[in-house]
Amino acid sequence: MKIAVISDIHGNKLALDTVLDDINKNECDKIFCLGDIAMAGYDPNYTIEKCIELQTSMGRNFEIIQGNTDRLIANFSDSCFSTLVSKASPMAYALRDDMLIIKKENIEYLRRLPENKMVALEYKTKTLRIQLVHGSPRRQDENIYPSLTEAEVEDITGRSYADIIFCGHTHLPCGYVLSSGKHVVNVGSVGRSMIPNRMPVYVVLKINDNGTFEIEHKFLNYDNKKVSRLIAERGFKEADKLAKMFLKEE
Numbered sequence: 080m081k082i083a084v085i086s087d088i089h090g091n092k093l094a095l096d097t098v099l100d101d102i103n104k105n106e107c108d109k110i111f112c113l114g115d116i117a118m119a120g121y122d123p124n125y126t127i128e129k130c131i132e133l134q135t136s137m138g139r140n141f142e143i144i145q146g147n148t149d150r151l152i153a154n155f156s157d158s159c160f161s162t163l164v165s166k167a168s169p170m171a172y173a174l175r176d177d178m179l180i181i182k183k184e185n186i187e188y189l190r191r192l193p194e195n196k197m198v199a200l201e202y203k204t205k206t207l208r209i210q211l212v213h214g215s216p217r218r219q220d221e222n223i224y225p226s227l228t229e230a231e232v233e234d235i236t237g238r239s240y241a242d243i244i245f246c247g248h249t250h251l252p253c254g255y256v257l258s259s260g261k262h263v264v265n266v267g268s269v270g271r272s273m274i275p276n277r278m279p280v281y282v283v284l285k286i287n288d289n290g291t292f293e294i295e296h297k298f299l300n301y302d303n304k305k306v307s308r309l310i311a312e313r314g315f316k317e318a319d320k321l322a323k324m325f326l327k328e329e
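According to my numbering, the sequence shown is numbered sequentially starting from 80.
As structure tokens, then:
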């Protein structure tokens with residue numbers, strides 16, 4: 080069995096389509112999505128509706144949870160905007176503009192998504208417990224960075240009884256095998272990757288017949304310059320600053 084794990088699409092239609100094409104080529108049986116589906120991209124309705132379509136067509140083979148920016152969209156208010164603009168102004172202005180674009184039924188879909196999910200996969204006499212979170216098992220917006228020590232990751236994930244924890248949020252892929260035997264994997268970002276070349280990243284989990292498993296990050300290429308241009312063309316305040324985040328580091 081192969082399972083694709085994706086996160087942080089952020090309204091980026093071209094990146095999502097690129098990743099879904101690769102998932103199809105890899106003949107994955109299931110897709111797990113860790114949230115942050117729509118905010119601060121160029122086509123938020125498309126990415127939400129594509130998730131709805133996958134959930135409808137794949138049934139229990141498509142699992143999805145809510146990310147912190149999905150919650151921001153669902154609970155948007157003037158006070159929410161004011162708080163965000165003081166911390167990350169391009170994101171705040173993008174969110175405010177998103178609220179003029181995203182359909183009400185799509186906002187309601189984001190609101191109803193669960194914050195995390197435990198998936199149990201049965202293999203003969205073994206059960207593989209997989210926890211899907213956005214930031215960490217403790218909070219949607221907690222960061223699991225590549226620079227953390229094993230002790231720090233143990234502290235963040237210690238209360239989880241999962242064999243594998245998949246997370247996103249930081250847009251930086253990484254992985255830990257803890258002394259407890261637990262695997263903690265940040266899958267990176269589909270739609271607004273923060274690796275130097277700004278290209279999409281996702282994970283393939285391969286589960287063998289004997290219950291052992293392999294985890295691989297997949298790094299893809301796509302037209303990030305086109306996406307940067309489309310973001311800038313949205314024209315909201317500081318859209319140009321957001322657009323630059325999609326371009327390769329010089």
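Backbone N, C-alpha and C fix where the C-beta goes; we use that ideal spot for every residue, glycine too.
Length of the line joining the Cα atoms of residue i and residue j
i	j	result
residue 109	residue 130	13 Å
residue 121	residue 321	11 Å
residue 250	residue 114	12 Å
residue 245	residue 289	21 Å
residue 105	residue 247	21 Å
residue 165	residue 301	32 Å
residue 239	residue 222	16 Å
residue 227	residue 87	20 Å
residue 328	residue 298	16 Å
residue 95	residue 262	26 Å
residue 97	residue 142	19 Å
residue 272	residue 252	9 Å
residue 140	residue 186	23 Å
residue 203	residue 197	19 Å
CB of residue i within 7 Å of CB of residue j, strictly
i	j	result
residue 294	residue 309	no
residue 176	residue 325	no
residue 280	residue 255	no
residue 85	residue 112	yes
residue 124	residue 182	yes
residue 210	residue 147	no
residue 171	residue 155	no
residue 189	residue 144	no
residue 243	residue 215	no
Residue i classed as buried or exposed, judged by whether at least 16 other C-beta atoms fall within 10 angstroms
i	result
residue 118	buried
residue 224	exposed
residue 157	exposed
residue 305	exposed
residue 267	buried
Any non-hydrogen atom of the ligand NAD closer than 6 Å to residue i Cβ
i	result
residue 165	As for the ligand NAD, it is missing from this structure, which has no ligand bound.
For residue i: DSSP bridge partner residues
i	result
residue 199	208
residue 142	111
residue 298	280
residue 244	210, 263
residue 292	286
residue 83	110, 283
residue 130	Residue 130 is not bridged to any residue.
Boundaries of the beta strand (DSSP E) in which residue i is found, first to last residue
i	result
residue 280	280-286
residue 255	253-256
Range of the contiguous alpha helix (DSSP H) that encloses residue i
i	result
residue 116	Element bounds for residue 116: n/a, residue is neither H nor E.
Residue i at chain B interface by Cβ criterion, 7 Å
i	result
residue 198	Although the question refers to chain B, the structure presented lacks it and comprises just one protein chain.
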